[in-house]
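Input: a single structure, listed below in structure tokens.
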Amino acid sequence: MNKKTLLKVVLALVLATSAYFAYRTFYQPNTQDGVKELQLIIEVQEEDGSMKTIFDQRVETETEILADFLLEMDKGDELQIGLTGNVSDPYGRSLTSINGYETTDWASGPWWLYDSENNIECKEAEFCPGIDSCPIYDEDIFVFSYTSTIE
Amino acid sequence: MKPILRVAVIGMLAATTVASQVVLAFVPNVEVVTLLFIIYAINLRTSDAFLIVIVFTIIEGLIWGISDWMIGYLWIWSLLVLVVSITKKIIKDNADIWALLAGCWGLAFGLFFALQWALLYGINAGYAYWLKGIAFDLIHMASNYIIVLLLFTPINKQFRNIYQRLEVAYGHHD
């Protein structure tokens, strides 16, 4: 590789890295501080395709991002949460397991999916973002589903 | 080129493209598919390059699961082939310009998919999809630029050499 090409490569890397960090710095979801009460529903798909609820509780939290809330639940031994990836990944971390229900086959599932009918971020986009990008607000209801069916 | 050889070439190039994608699938948005489609569109007939896009998309669908992203792959990669086919006489073998085009392509890739999302699921969904994916698009832009800058000249030269030898050996069909 000659010097000119090397310079172009370095320049491209510097530009892209700067733009990447600028984006990560300026694009932050609006969060709500203070105590929030959420409803957390967790369901798993049974062999006949029906969904069985394994957790349905209202929970108070001061966390501001859904992933942090899940980890708080894990720390408090209310749930056992498994995540993969890093917060700094473009889509953040992925949920791999809750209470032993684990995704082992990423091609055909079952996977952990989540949805919310009233979370502002999910409603505005018409789909929910990754758990590291989803701010939580008072009275939000989140439904986590362990399923091989994507609607 | 004889039709049977042409079919074989299209199949092999589509398979090569799929293999390159699968090998690099563990690195988000780092791929050589853009480079390969640029090279195909420069050296092959536009219709053949389009056929490679179609076969590539079908095989990808069989590997990763058939879904609406296949529609995106079909029109977005076809658009790249079209853009290259139109501009190849002006750009010729200038790796710097192809690298710039590939970089822009990487940056716009998420936007193209967002347009499709907007059409299928509403403007808000498309906008959110684009916004959430900008970080990915930036990686795609830089990796595309560097890959094409470094690999375009040697691979294009080899590809043209092999393809011309094939044409000499088996002659033109029409």
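Heads up: the sequence lines are chains A and B, in that order. Just add 12 to wherever you are in the first sequence, counting from 1, and you've got the working numbering. Just add 840 to wherever you are in the second sequence, counting from 1, and you've got the working numbering. Here a beta-carbon is modelled for each residue, glycine too, at the ideal position from N, C-alpha and C.
Spatial distance of A:T116 from A:P122 (CA atoms): If you number the first sequence from 1, residue 116 of chain A lands on position 104. If you number the first sequence from 1, residue 122 of chain A lands on position 110. Within the model, the alpha-carbon separation for A:T116 versus A:P122 is close to 8 Å.
C-alpha distance - A:I132 paired with A:A31, whole-angstrom precision: Your numbering for residue 132 of chain A matches position 120 in the first sequence. Your numbering for residue 31 of chain A matches position 19 in the first sequence. A straight line joining the alpha-carbon of A:I132 with that of A:A31 spans about 27 Å.
Identified DSSP bridge partners for A:Q92: For this step, residue 92 of chain A is matched to residue 80 along the first sequence. A:Q92 is not bridged to any residue.
Unbroken beta strand (DSSP E) run spanning B:E900, endpoints: In the second sequence, residue 900 of chain B corresponds to position 60, counting from 1. Note, B:E900: premise wrong, no beta strand (DSSP E); alpha helix (DSSP H) at T886 to W904.
Under 9 Å between C-beta atoms of B:Y913 and B:E900: The sequence position of residue 913 of chain B within the second sequence is 73, counting from 1. The sequence position of residue 900 of chain B within the second sequence is 60, counting from 1. Taking a C-beta distance under 9 Å as the contact criterion, B:Y913 and B:E900 qualify as a contact pair.
Same chain only: Cβ atoms within 7 Å of B:F999, ignoring 5 sequence neighbours per side: Counting from one through the second sequence, the residue named residue 999 of chain B turns up at place 159. Around B:F999: I879 and N883.
Contact list for the stretch 982-1006 of chain B against chain A, Cβ threshold 8 Å: Listed in sequence order: A982, Y985, I986, L989 and L990.
Cβ-Cβ separation, B:P868 to B:F953 (assumed contact under 8 Å), whole Å: As a first step, residue 953 of chain B is located in the second sequence; it is residue number 113 there, counting from the start. As a first step, residue 868 of chain B is located in the second sequence; it is residue number 28 there, counting from the start. The Cβ separation is near 14 Å, so there is no contact.
A:L52 versus A:Y35: straight-line alpha-carbon distance, rounded: For this step, residue 52 of chain A is matched to residue 40 along the first sequence. For this step, residue 35 of chain A is matched to residue 23 along the first sequence. Pairing A:L52 with A:Y35, the inter-Cα distance amounts to about 31 Å.
Cα-Cα separation, A:D45 to A:Y39: Taking the first sequence and counting its residues from 1, the one referred to as residue 45 of chain A is at position 33. Taking the first sequence and counting its residues from 1, the one referred to as residue 39 of chain A is at position 27. Approximately 18 Å between the Cα atoms of the pair.
Sub-9 Å separation of A:S157 and A:D127 beta-carbons: Position 145 of the first sequence, counted from the start, is the residue given in the question as residue 157 of chain A. Position 115 of the first sequence, counted from the start, is the residue given in the question as residue 127 of chain A. In this structure, A:S157 sits near A:D127, with a CB-CB distance shorter than 9 Å.
Opening and closing residue of the alpha helix (DSSP H) in which A:W124 lies: Counting from 1 along the first sequence, the entry for residue 124 of chain A is found at position 112. Premise fails: A:W124 lies in the beta strand (DSSP E), W123 to D127, not in any alpha helix (DSSP H).
Buried versus exposed, by CB contacts within 10 Å (16 or more), B:I986: The sequence position of residue 986 of chain B within the second sequence is 146, counting from 1. B:I986 comes out buried.
CB contact below 9 Å: B:I974 versus chain A: As a first step, residue 974 of chain B is located in the second sequence; it is residue number 134 there, counting from the start. Judged by the 9 Å Cβ criterion, B:I974 is in contact with chain A.
Expected contact under 8 Å - CB spacing of A:S109 and A:G94 to nearest Å: The count along the first sequence starts at 1 and reaches residue 109 of chain A at position 97. The count along the first sequence starts at 1 and reaches residue 94 of chain A at position 82. Indeed they touch by this definition, with Cβ atoms about 3 Å apart.
Buried or exposed by the 16-neighbour rule on C-beta atoms within 10 Å, applied to B:T874: As a position in the second sequence, residue 874 of chain B is number 34, starting the count at 1. By the 10 Å Cβ count, B:T874 comes out buried.
CB contact check: A:D101 to chain B, cutoff 9 Å: As a first step, residue 101 of chain A is located in the first sequence; it is residue number 89 there, counting from the start. A:D101 counts as touching chain B.
Under 9 Å from the C-beta of B:A968: neighbouring residues of chain A: Taking the first residue of the second sequence as position 1, residue 968 of chain B is located at position 128. Those are E133, E136, A137, E138, F139 and P141, listed as they occur along chain A.
Proximity test, Cβ basis, 9 Å: B:A939 and chain A: Here residue 939 of chain B is taken as the residue at index 99 of the second sequence, counted from 1. Chain A, which has a Cβ nearer than 9 Å to the Cβ of B:A939, makes this yes.
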